[in-house]
Structure formats: structure tokens, C-alpha cells
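Notes follow the structure.
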Amino acid sequence: MRPARYREQRDGIWRRRLRVSAALLLVAGLVFLGATKLEWHRPTGELLHAVDALGRTSTIDVHLADAQTGLSRSRIEIESGGTRTVLASAEYAAASWRVSTVPETTISVPLQAIERKIPEGAATIRVYADDYSWLRWFRAERPILEAQATIDLTPPTLEVLSTEHYVTIGGAEFLLYKVSSDAIQSGVQVDSYFFPGTSGMFDDPGIAAAFFSVPQDLDVKTVPRAIAVDAAGNRREVNFHTVVKPRHFADKTLVLDDAFLERKVPEILAATGSPPQPDLVQGYLFINRTLRKQSEERIHQVTGTSAKTPLWDGAFLRQPNSAPLSGFADRRSYVYQGRIIDAQTHLGFDLASLRQSPVTAASTGTVVFAGALGIYGDAVILDHGLGIFSLYGHLSAITTQVGASVVRGDVIGRTGETGLAGGDHLHFSVMLWGTHIDPIEWWDGKWIHDHVTAKIDAYPHTTVTARRDG
17 MRPARYREQR DGIWRRRLRV SAALLLVAGL VFLGATKLEW HRPTGELLHA VDALGRTSTI
77 DVHLADAQTG LSRSRIEIES GGTRTVLASA EYAAASWRVS TVPETTISVP LQAIERKIPE
137 GAATIRVYAD DYSWLRWFRA ERPILEAQAT IDLTPPTLEV LSTEHYVTIG GAEFLLYKVS
197 SDAIQSGVQV DSYFFPGTSG MFDDPGIAAA FFSVPQDLDV KTVPRAIAVD AAGNRREVNF
257 HTVVKPRHFA DKTLVLDDAF LERKVPEILA ATGSPPQPDL VQGYLFINRT LRKQSEERIH
317 QVTGTSAKTP LWDGAFLRQP NSAPLSGFAD RRSYVYQGRI IDAQTHLGFD LASLRQSPVT
377 AASTGTVVFA GALGIYGDAV ILDHGLGIFS LYGHLSAITT QVGASVVRGD VIGRTGETGL
437 AGGDHLHFSV MLWGTHIDPI EWWDGKWIHD HVTAKIDAYP HTTVTARRDG
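Going left to right, the sequence shown walks through residues 17 to 486 as my numbering numbers them.
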């Protein structure tokens, strides 16, 4: 048997080891708690959009996050005119003793300034948030985010000046109105279509002009409205006298055969870089539907800006020595092997003359597009000012370039059958901010005088130099 002294030494060693182990465990536990519960950093906050100007319909969107212990509570308030108003507050439950169930969140709160009686003028937005750190009990409350804003609850003023407006379905009309300088956007709303107005062409800087249309897919019950919106989102709407005239569009049937599909489908798919299709019919449907839609989207991109004064010079010129193959907004049914496989609306005029005939600019303008344009093949688009554009499609050659200025009658290309064309012809469209309208009105000098020139001439306009009738 070992002596007692040895046993005492052994027990002492074990006791020391236990004390060291306990101390290490205590230190590890404190480090763990410090890492998980003694979080030094406060939650972070970010405004998701500018709040410089807040109006009747404004919302304040805030993203909050806390990567460690998570969010425990939040509050958004606004101070204006010496009064504080709480816009939103929330508390977030803990998932365990360690962390919150909400590591991050986005809060969208409507200002509702009128309902909450928040006064107009300078304001301060403050965002408060806390986490599940034990240190939160020792922190002084202060905002994690603060931003300055202006509360503006007064819509722009808007007065319609022109008195007579007669628009045929698919056609255009012209509105003059006076709008206050705080408006950042104004024009005419027609159902889901918006036609922006343009200022700067009259001696009075408050007078603006807007072409508008009741597009071919709407009906006579449509009610156009003049609108103006300021930086705070306040909106003014004004009804004005408008007579919407009905219009019947022709129904046309196009018969497709294998020879046409074999000739055009592979050509167009290759020219546009489109994905392969299972067969010729599916390829044609892809072109007639998807590629057609993409072509119109591209047109809207190109026609998003326009000269602020009229560039056109007289009635638009119709393609010389041409005969119409189809008209504006024809309702087309596409038949293959005795069965209707598709239906689309033809947005423009097809005009045929001699093969590869010179294509002339319909009126004075600036070339804003010259190149490949989906179903329209090689095409040119001209800007004639105030949102009016003309398109020339299926060209075999383009003899102009983007940025070039052209006058009525200038040659800009030659007719052809590029794109979705069954033979050599010109596809001609007139567009209002990318929305196709009836070209017939623009071939008519009297229509231009009665609907446009007479209204412009009623107000001083020294900045307008182009002739507008003919």
C-alpha cells in the first residue's frame, strides 16, 4: 500500500486540475455569453427610397437588420411643426434565450399626413431599433437613422386651355394646358396609357402641350384626363371636354403556306438571335407573338424622349407611287392548313410600289433609330417632336444614320422584305410616345391645322419656327 503522503499529493493534483478546468469552463462560458449576449453593435437601418419630399400618398420604407442577436423592437416616427408622430412600432419575439426570430425586416409605412394631422413643412424622420443584446438595458435610446424631409400636401395647379377635343379611336388629339412650376410630370392619362406633356414652346413657361390618343384597343367609353404630379407625389386630375368617336377596324385573313414558313422562319430566327424552335409553325408563332412584343418594347425604349418643339413641316408625305396592302389596326387572323393558329393587330400601313423603291421621310425630323428591329426587319425611326415619331420597316437598305436631321422627302432607305414580310413593301407607322396611331390623320394637312396648328397659334410661341400645316 502506498503511503498517505503520496495519496495526498495525488489528490492535490486532481483538485488543482478540477479548479483549472472549472476556471477554463467559466472563462469559456463568459466568452460565449459575451459573444452572443453582450453585442456592442446596434441594429442598422436604411431608407429604401428618398424622403426629400413627402406627400399625400407617400410611404416610408425602411430596412432594419441585426446580424447577431436579432431585432427586439423598432419604431419609426416623424417630427414636423414641433409635433412628434409615431408612424409604426413593433416588437419581435425571441427564438431562444440567445437570438430573435427576426434578424432583419423591411417596414413600409404610409405617411397618411392628412389623417394623422402632420403639418406641411420641414420634418425629421427618426428610426429607432434595438436588439437582444444584454447591453440594451444600459444604452441610452437614440435613433439608428435620421433623415430630413419636406411635407408637401398641396397638388400642382392645372388649368386646361384648349376647349375642343375630338378624337377617333386609334387617332390623336392635341391638348394645351397651364401647369404650376412645382409639377415634375404632367400630361394626359388615358386608361393605362400616359402621354406626357411638353413645356418650353410658348412664351408663357407655364403653358404645356400634350398629344394624346385613345388607342385602338380602347373604346368610346374611355375618358381622357389631364394630370400633374409634383415631387412629393401629389396628383391633380382635371377632366376636359372630349368627344371620342367610334371606329371599325377591318378583319383580315392571312393564309400561311409551307413555302412561306420555310423561307421566313429560319431567316428571322437567325437574324434576331432567337432560340431554336421545335418546328416551323412553333417558330412562326414565336416570331408573331414573342418577337412582335419584343419589337414593340424596343420601340418604346427608342421613343422615350422627343424634341420639345414641332419639327414636322407640313402634312406628312405618303410613300410616292404606292398602293396600300393593309391598313391601320387591321385585325388579322393567321390560317395554316385550314385552321386559325394566331391573331394579331397590324399597327400601321403596308404600302407597295416597285421593288426596292426609294423610301422618303414623311416629314422633317431626327433619326433616332436605324438598324434591325425584330419583326420590322431593317428599319428607321424619325422623331418629329412633341412625342410624334414615324417608323419605316422591312427595308432592304438604310441610307441614313442615328442623329441625322432629315427633311420631308429625303431618301432614308429602300423598300424590301426584311423581317416578317411576305414581299417587297414599306411598313409605315406613326407613333405617339411609342403607341401606334392612325397615319391617315398625319397625311391630312387640314386635320393638322384644325387639331394642332390653330391651337398653338392661339398663344404666343416665338420659339416655334416649323410650319405645322400644309
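Where a beta carbon is used, it is the ideal one built from N, C-alpha and C, also for glycine.
Less than 7 angstroms between the C-beta atoms of residue i and residue j, yes or no?
i, j, result
"ILE536", "VAL125", "The displayed coordinates of the chain run from 17 to 486. Any statement about residue 536 would go beyond what the structure contains."
"ALA345", "GLN232", "yes"
"PHE365", "PHE256", "no"
"TYR475", "PHE227", "no"
"SER197", "ALA244", "no"
"GLY169", "ARG100", "In the sequence as presented, Gly is not what sits at residue 169; that position holds Leu. Contact: no."
"LEU398", "GLY419", "no"
"VAL143", "PRO119", "no"
"LEU333", "ARG263", "no"
"TRP449", "GLY403", "yes"
"VAL318", "PHE211", "no"
"VAL67", "ILE134", "no"
From residue i to residue j, what distance separates their C-alpha atoms?
i, j, result
"ARG355", "ARG348", "14 angstroms"
"LEU436", "PHE302", "12 angstroms"
"VAL375", "THR431", "6 angstroms"
"ALA81", "ARG91", "13 angstroms"
"ILE506", "ASP460", "No statement about residue 506 is possible, as the shown extent of the chain runs from 17 to 486 and does not include it."
"LYS491", "GLU136", "An answer regarding residue 491 cannot be provided, because it is not within the stretch 17 to 486 covered by the chain."
"ALA145", "SER105", "9 angstroms"
"GLY486", "ILE464", "Any reading at GLY486 is ruled out, since the residue's pLDDT is 42, under 50, leaving its predicted position unreliable."
"GLN417", "VAL281", "28 angstroms"
"THR173", "VAL204", "15 angstroms"
"GLU95", "ASP207", "38 angstroms"
"HIS79", "LEU103", "15 angstroms"
"GLN293", "GLN335", "36 angstroms"
"PRO340", "SER369", "9 angstroms"
"GLY429", "GLY439", "16 angstroms"
"SER406", "ARG252", "32 angstroms"
"SER116", "ALA83", "10 angstroms"
"LEU16", "GLY216", "Because the chain spans 17 through 486 in this model, residue 16 falls outside it and cannot be assessed."
"ALA266", "GLY343", "8 angstroms"
"ALA395", "GLY186", "23 angstroms"
"GLU189", "VAL260", "10 angstroms"
"THR434", "GLU131", "59 angstroms"
"GLY97", "PRO171", "20 angstroms"
"GLN298", "ASN304", "10 angstroms"
"LEU411", "VAL468", "31 angstroms"
Can you check DSSP and say which residues form a bridge with residue i?
i, result
"THR376", "VAL427"
"GLN360", "ARG348"
"PHE210", "GLN205"
"GLN164", "THR140"
"GLU253", "ILE243"
"VAL102", "GLU93"
"LEU398", "VAL383 and SER406"
"ASP490", "This structure gives no information on residue 490, because the portion of the chain shown stretches from 17 to 486."
"LEU191", "ALA226"
"LYS268", "ARG348"
"PRO336", "BP columns for PRO336 are empty, so no partner."
Where does residue i fall in DSSP's three states?
i, result
"LEU301", "helix"
"LEU307", "helix"
"ALA275", "helix"
"GLN293", "coil"
"LEU285", "helix"
"LEU46", "Note on LEU46: pLDDT 47, under 50, position unreliable in the model; the coordinate value appears next. DSSP places LEU46 in helix when its eight states are reduced to three."
"GLU175", "strand"
"VAL125", "strand"
"GLU457", "helix"
"ALA482", "A caution first: ALA482 carries a pLDDT of 43, below 50, which makes its placement in the model unreliable, though a value can still be read off. Three-state result, ALA482: coil."
"LYS487", "Nothing in the structure corresponds to residue 487, since the chain is present only between 17 and 486."
"ILE391", "helix"
"ARG180", "Arg is not the amino acid found at residue 180; the sequence shown has Glu there. Note: GLU180 maps to coil in three-state DSSP."
"ARG263", "coil"
Beta carbon of residue i: closer than 6 angstroms to some heavy atom of the ligand GTP?
i, result
"ARG430", "By its list of ligands, the structure shown contains no ligand whatsoever, and the ligand GTP lies outside what it can speak to."
Query raised in the report: So does the segment 59 to 78 actually touch the segment 116 to 133, counting three or more Cβ pairs closer than 8 angstroms?
Result: yes
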